[in-house]
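Visitor: I have a structure I would like to understand better, so I am pasting it below and will then ask my questions one at a time.
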Amino acid sequence: MDEEAEEALEGSTDYKDGMKHAPEPIFLCKCLLSDDTIPPVIPPRKLRILNAVDDTETYLRDRRIPELMRFLLTKVLSDGSNDPTSYLKELLDHCMLFRAGHGTAPVLYEDKHLEAVIKSFDPGRRGWLSSGQVRRLYATLGLTLDEYCHEKISTAIIFKDIKRTQESELLSLLSAGIPVEESYSNVASYQPHHESVADRLVLFMVDGLRAESFVNYTTMPYLRSVANNYGRWGISSTQVPTESRPGHVAVIAGFYEDPSAIMKGWKENPVDFDSVFNQSAYTWCWGTYDIVDIFTKGTVDNHIFVHKFDPYDNTFSTDKNTTLLDSWVFENVRNFFYKAKSDDAVQEKMRSKKIIYFLHLLGTDTSGHTHKPKTQNFLTTVRHVDQGIKDVEKIVREFYNDDGKTTFLMTSDHGMTDWGSHGSGDDHETQTPFVMWGAGVQQAKEGPEDSYTKGMSFNHRFDIKQADLTPLMSTILSIPVPVNSIGKLPVDLLNMTLPNRAKAVYSHSRQLASQYNRKKLEVETNAISLLYKPFEPFSTKKYEEIIEFTEKLLLSGEYEELIRFSEEITQLSLAGLTYYQNYYQRPLLILVTMSFIGWILYLLKVLLEQKVNAQVEPVNLKRFSILGSHLLSNMVFLLLCFLSFYIVFAQKLPIQYYIHFLMPIFLWWNAIPSPDVWSKANRLFRRSQKINGVWIEVLCYGLGSMAMGLSFTYRWMLSIPLMGMGLWPFFSSIRNCLTTPILIMWPASCAMLSFFSFVPVVGKDVLIELVIVAGLLWLVVMTIYVLRVLLPLYNGREENRTEVVLAVIQIALLIFSLHNIYVQSRRFDQGTPVSYFYQVMSWVTAVVSLALPVASSKRLVCRLMTINTSILIFYLLLSVAHEGLFLVTLNFNVMCWVLIEFRLLHLGRVRIIDCTFDKSSVEEDKTKRSLTSIERSISSDDFRRAFFFLAYVILAFFGTGNIASLNSFEVRWVTCFITSFQPFIITGLILLKTLTPFLSVACCFRGVQYLTEAPTGYLHIIVLIYSNIMGIQLLYYVRNTGSWLEIGTSISQFVIVQVITLFIVLINQMAKVMTDFNVFNVVNKLFKSRKKYV
């Protein structure tokens, strides 16, 4: 750099320092200045130029662009690169990585330069410098000096401080202009000081291999021999959701995946994160694209090389060979090492230190889904993986001439249930094996056999958590622990000297402390001082003291004490992270509860106003409009709004916090009824003769709602509201309105439904015989329906031949479906290919069956029987156990409910078979009664109907198990339709299977609405009240501590309750189409209109 440039840079620095004491001048170009002593009026164009110049100078100054340019040019000149352009590009990539918290700092002075400068100030090798020498040393290097309190400072301490200062100032330079809150979003990686125990790591990820398949079977003889002799093995405990992406992220990045990843199918990054691949010098990956691509997103220096394939042309048919998936990986690894021998560029990278080879083996997961983990086909796949790992180890050792600098690690992302599923928290899903051998592995003495396994050595066992593998791999290669990692370092697995062990533990603790400090700064930077409560066990003062103390322990070589204090830092950092991550949990919980209560009160106000307004003359309805009640209350609510807005704004909380703070205020504000409504409601309740009965009903519905809320965790709790529903006629006056057959069938069907809440969930066992029995039972029902209902109507000319023909077609489709289920099941069990002809016929049967209801009569009973039969046919084609019997029982019970509601109308000689879904006849009847018809008011019976409907919805959801659980999926559900792995088609079929019980319930509920002329919108409001009562209950069951099974379950339950009402509205609209639409009526209308036109 020439002298003029250096003077300009120095002048820029002097100018910047002077700005602290003087106002900012605006430098004008000489051509814009006038010779007159009186300042001229600057034209608008020149003024814009002046403002642009000022903005440019501010931008350059704030972002320290001149200093950055000086740094980059100095690096280029000092390193003397022959290709400055490429070098500069690579340098900028390294700077960006360092600013994001990844990689090493591309500082100007390397360690050898610093050591040489320090030696020049200490020619006598005293080992210390005076404070004056230190000041001159820092000035020579152009660094900012922290004041030293001692006259003599150790050169080791000076070296470390200079190194830290240089990295800190570089980070400050690269982060200039970034807002404070954004600069906290990244954590700087901590460079380890211990020696690596290996130059390279080979990571085998056996997808879907559970611990039981490794420790209790001899199908992996090589790995079992390694684990019992010169390696270490153990159980790696995963966390839910036990899916491939979260498991890989936990192993390679060291943290448990955010639930937002499910919105992308666990296949894409919701946010970017650090990993051991990022921190390595080079990484080579082989496997499926959706796994290896997780860890390549966002890389800028192209040091991760991937070899991937699309595995989703594999099938779940039992005649396919799943070992081909792993053979692809092994073969490509073999070819890579073979070609590398003749490729100098690749070989140079492979001879580097801190490199990783990653092999993703999908065959075991696919085989587990297809064949189940205990079958011979699955064990064959496992044996193939064992042999493949042995071959790869031999290839790697030969390539590196068996230099003893390679560590091998085999583990799994998740386990699998006996029925071939994963995603939940079953022990078989959360317990995975790991085996580590090779360089740096701490050997164990021979010992007894582990009593919980088959032939595994107890002394060689060392159990860990899945996230602990990340700091373990980082320590093996002596690379920074990924900045997002929360795993603990199992240092006892490594053969390290005491100094290296202490430095490794210390480096890991500093990484966690850096995360904690980042999170603490995020909270306290913007917190209101009067409201802020810091984490006292690890306050800012204690944080600085313990970090400074451990630094001194490291320099003085007190390694035992360093390990002890590092472990304390680890524990405090993890506890502090939990504290600040949940800092706003309690106030948010209170606010959400207040919102729930306010919402319930508002809904009750709407019902109250409907009750009041429906009983007055139409001309007087205007009196009872919703108005603000009092000026004082309005002022109070406005004050609360302002206070809430200030609390969120002052602390710079995310925008959603405005909603959390303001929502309860607005809801409570609108939940206050007008005085007119209060006075009218008071008169109505005084005239009511059933005050005590109302309070009893409120108690029963409240307890019933709580029982349904608990049923999300304890399925047997569903039996409580069901038994209450079954006994309801016997404890009320309606018993005299019901016939003896109804009084027998209703409680019996309720008892049978409650029985299913005690039966094991669907998915664990396949019992096709129960599916056949369910179909035969409904076949009997349909036969009786045709003989006792349809034929008399047809003979009496009350119904046309079409309805009888449709019923016969449905019977034929049901018989064929049962035959199809039986044939396909036999083929699957025998391991022969399923029949594609029967699969095509299943699609035809499903489409035809689901289309038949729109061609059925609008007679209420006929339409409901047609709908339930069509739904059952499709449902049975996707059934594998007792869920078919459940739907048959549910259909029978809801039809009894429709009959009971009809009997309670006291319509005299009107038969239920005469009732229809024809809206025109209902409107015509209303017109005859009154020219100005007013919607009837809500009654206590409507609360009962809404409660029954919600109970049926919850029962349809949890009656045969938790359909929201990821591990309830059984591959055999879809074998009648498809055996190839087509995710969208399979997901669509599963969703349709899930939807069918809800449609049966919704269609019958619509029948009840037609019979009782209930106001549909207000019934939904009542359902919403019940679901919000459950929501408040489940809100306090949401957990963020304990097992991840409990945490994930509590969250999913709360979310399900919140979307129930939306879901009910959706299925009611679908039920409306299925009950009201008739294809023949549409065709007739089109034909008549065309005829009229002609």
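Start counting the sequence shown at 102; every next residue gets the next number (the numbering used here). From the three backbone atoms N, C-alpha and C, an ideal C-beta is built for every residue, glycine too.
(1) Should the stretch 854-862 be regarded as contacting the stretch 956-970, the criterion being three or more beta carbon pairs within less than 8 Å?
(2) CB-CB under 7 Å to Q1134, same chain, minus the five flanking residues each way: which ones, in chain order?
(3) Do you know offhand how far S1128's Cα is from I1165's?
(4) Give me whichever residues DSSP pairs with N532 in a beta bridge.
(5) Along the chain, where does the beta strand (DSSP E) containing V636 start, and where does it finish?
(6) Determine contact between the stretch 1160-1177 and the stretch 1115-1126, defined as no fewer than three beta-carbon pairs at a distance below 8 Å.
(7) Which same chain residues, not among the five before or five after Y802, have their C-beta less than 6 Å away from its C-beta?
(8) Count the other CB atoms, across all protein chains shown, that sit within 10 Å of the CB of Q757; report buried if there are 16 or more and exposed otherwise.
(9) CB-CB under 8 Å to L656, same chain, minus the five flanking residues each way: which ones, in chain order?
(10) Tell me whether G658 is buried or exposed, calling it buried when 16 or more other Cβ atoms sit within 10 Å of its Cβ.
(11) Can you give the beta carbon distance from W700 to L763, rounded, assuming they're within the 8 Å contact cut?
(12) When the Cα atoms are used, what is the spatial distance from Y383 to V584?
(13) Tell me, to the nearest whole angstrom, how far the beta carbon of I405 is from that of H461; I am working on the premise that it is less than 8 Å.
(14) With a cut-off of 8 Å, do at least 3 Cβ pairs link the stretch 331-344 to the stretch 512-530?
(15) Below 8 Å on the Cβ atoms is my contact criterion, and I expect N317 with K555 to pass it. Report the Cβ-Cβ distance as a whole number of Å.
(16) Using a 10 Å radius around the Cβ and a threshold of 16 neighbouring Cβ atoms, would you call T626 buried or exposed?
(17) Count the other CB atoms within 10 Å of the CB of M1131; is the residue buried (16 or more) or exposed (fewer)?
(18) Is the stretch 825-835 touching the stretch 881-895, taking contact as three or more C-beta pairs under 8 Å?
(19) Please classify T508: does DSSP put it in a helix, a strand, or coil?
(20) Is the beta carbon of S586 less than 8 Å from the beta carbon of A568?
(21) Taking all protein chains shown into account, decide if V1183 is buried (16 or more other Cβ within 10 angstroms of its Cβ) or exposed.
(22) Could you tell me which residues DSSP puts in a beta bridge with S231?
(23) In the DSSP assignment, find the unbroken beta strand (DSSP E) run with Y681 in it and report its ends.
(24) CB-CB under 6 Å to D1177, same chain, minus the five flanking residues each way: which ones, in chain order?
(25) For a test of the three-state rule: what should DSSP assign to G181, helix, strand or coil?
(26) DSSP on A362, reduced to helix/strand/coil?
(27) Output yes or no for whether 8 Å exceeds the beta carbon distance between F993 and F1050.
(28) What is the DSSP secondary structure of G539, counted as helix, strand or coil?
(29) Once the 5 residues before and after S667 are set aside, which same chain residues still bring their CB inside 7 Å of it?
(30) What residue range is occupied by the uninterrupted beta strand (DSSP E) comprising L1220?
(31) Specify whether the stretch 261-271 and the stretch 541-557 touch according to this definition: at least 3 beta carbon pairs, one from each stretch, less than 8 Å apart.
(32) Report the option in V1139, I1091, V1054, I1126 whose CA atom is closest to the CA atom of C1104.
(33) I think F396 touches S376, with their Cβ atoms under 8 Å apart; what is that distance to the nearest whole Å?
(34) When we look at the beta-carbon of G1108 and count the other beta-carbons within 10 Å, is it buried (16 or more) or exposed?
(35) Rounded to whole angstroms, what's the CA-CA distance from M846 to M818? Just pull it up for me.
(36) In the DSSP assignment, the beta strand (DSSP E) including R301 goes from what residue to what residue?
Guide: Per the coordinate set shown:
(1) no
(2) As a first step, residue 1134 is located in the sequence shown; it is residue number 1033 there, counting from the start. Once the five neighbours on either side are set aside, the close Cβ partners of Q1134 are M807, G810.
(3) Start at 1 with the first residue of the sequence shown, and residue 1128 comes out as number 1027. Start at 1 with the first residue of the sequence shown, and residue 1165 comes out as number 1064. Looking at the two C-alpha atoms, the distance is approximately 11 Å.
(4) As a first step, residue 532 must be located in the sequence shown, where it is residue number 431. In the sequence as presented, Asn is not what sits at residue 532; that position holds Gln. Answer by DSSP bridge pairing, in chain order: S338.
(5) Your numbering for residue 636 matches position 535 in the sequence shown. Per the sequence presented here, residue 636 reads as Phe, with Val not at that position. Run containing F636: none; DSSP gives neither H nor E here.
(6) yes
(7) Position 701 of the sequence shown, counted from the first residue, corresponds to residue 802. Closer than 6 Å at the Cβ level, and outside the excluded window around Y802, lie F1048.
(8) In the sequence shown, residue 757 corresponds to position 656, counting from 1. The residue in question, Q757, is exposed, as its Cβ has fewer than 16 Cβ neighbours within 10 Å.
(9) Mapped onto the sequence shown, residue 656 falls at position 555. For L656, where only same-chain residues beyond five positions count, the Cβ hits under 8 Å are S255, A257, I258, K261.
(10) On the sequence shown, residue 658 is found 557 positions in, with the first residue counted as 1. By the 10 Å Cβ count, G658 comes out exposed.
(11) The sequence position of residue 700 within the sequence shown is 599, counting from 1. The sequence position of residue 763 within the sequence shown is 662, counting from 1. That belief does not hold up - the Cβ atoms of W700 and L763 are roughly 14 Å apart, past 8 Å.
(12) As a first step, residue 383 must be located in the sequence shown, where it is residue number 282. As a first step, residue 584 must be located in the sequence shown, where it is residue number 483. When rounded, the distance between both Cα atoms is 18 Å.
(13) Translated into positions along the sequence shown, residue 405 becomes position 304. Translated into positions along the sequence shown, residue 461 becomes position 360. Between I405 and H461 the beta-carbon gap is near 13 Å, outside 8 Å, which marks them as no contact.
(14) yes
(15) Locating residue 317 in the sequence shown gives position 216, counting from the first residue. Locating residue 555 in the sequence shown gives position 454, counting from the first residue. N317 to K555, Cβ: 5 Å. Contact.
(16) One-based indexing of the sequence shown puts residue 626 at position 525. Classification for T626: exposed.
(17) In the sequence shown, residue 1131 corresponds to position 1030, counting from 1. Buried: at least 16 other Cβ atoms inside 10 Å.
(18) no
(19) Here the question's residue 508 lines up with position 407 in the sequence shown. The answer is strand: DSSP assigns T508 an E or B state.
(20) Residue mapping note: residue 586 aligns to position 485 of the sequence shown, counting from 1. Residue mapping note: residue 568 aligns to position 467 of the sequence shown, counting from 1. Yes, these two residues count as a Cβ contact at 8 Å.
(21) Counting from 1 along the sequence shown, the entry for residue 1183 is found at position 1082. Exposure of V1183 is indicated by the presence of fewer than 16 other C-beta atoms within 10 angstroms of its C-beta.
(22) Working through the sequence shown from its first residue, we reach residue 231 at position 130. Beta-bridge pairing links S231 to K253.
(23) Working through the sequence shown from its first residue, we reach residue 681 at position 580. Here Y681 belongs to no beta strand (DSSP E); instead the alpha helix (DSSP H) covers 660-682.
(24) As a working mapping, residue 1177 is identified with position 1076 in the sequence shown. Cβ neighbours of D1177 beyond the five flanking positions: F1018.
(25) Numbered from its first residue, the sequence shown carries residue 181 at position 80. Here G181 sits in coil by DSSP.
(26) Working through the sequence shown from its first residue, we reach residue 362 at position 261. For A362, the pLDDT reaches just 48, beneath the cut-off of 50, and the residue's location in the model is therefore unreliable, although a value from the coordinates is still provided. For A362, the three-state secondary structure derived from DSSP is helix.
(27) Within the sequence shown, numbered from 1, the residue matching residue 993 stands at position 892. Within the sequence shown, numbered from 1, the residue matching residue 1050 stands at position 949. In this structure, F1050 does not lie closer than 8 Å to F993 by Cβ.
(28) Translated into positions along the sequence shown, residue 539 becomes position 438. Of the three classes helix, strand and coil, the one that applies to G539 here is strand, per DSSP.
(29) As a first step, residue 667 is located in the sequence shown; it is residue number 566 there, counting from the start. Only V606, Y607, S610, T651 meet the Cβ criterion.
(30) One cannot answer for residue 1220 here, as it falls past the ends of the chain, which runs 102 to 1195.
(31) no
(32) Start at 1 with the first residue of the sequence shown, and residue 1104 comes out as number 1003. It is V1054.
(33) As a first step, residue 396 must be located in the sequence shown, where it is residue number 295. As a first step, residue 376 must be located in the sequence shown, where it is residue number 275. Contact holds; Cβ gap of about 5 Å.
(34) For the purposes of this step, residue 1108 is taken as the residue at position 1007 of the sequence shown. Buried, since its Cβ has 16 or more Cβ neighbours within 10 Å.
(35) Position 745 of the sequence shown, counted from the first residue, corresponds to residue 846. Position 717 of the sequence shown, counted from the first residue, corresponds to residue 818. About 22 Å.
(36) Counting from one through the sequence shown, the residue named residue 301 turns up at place 200. First-last of the beta strand (DSSP E) with R301: 301-307.
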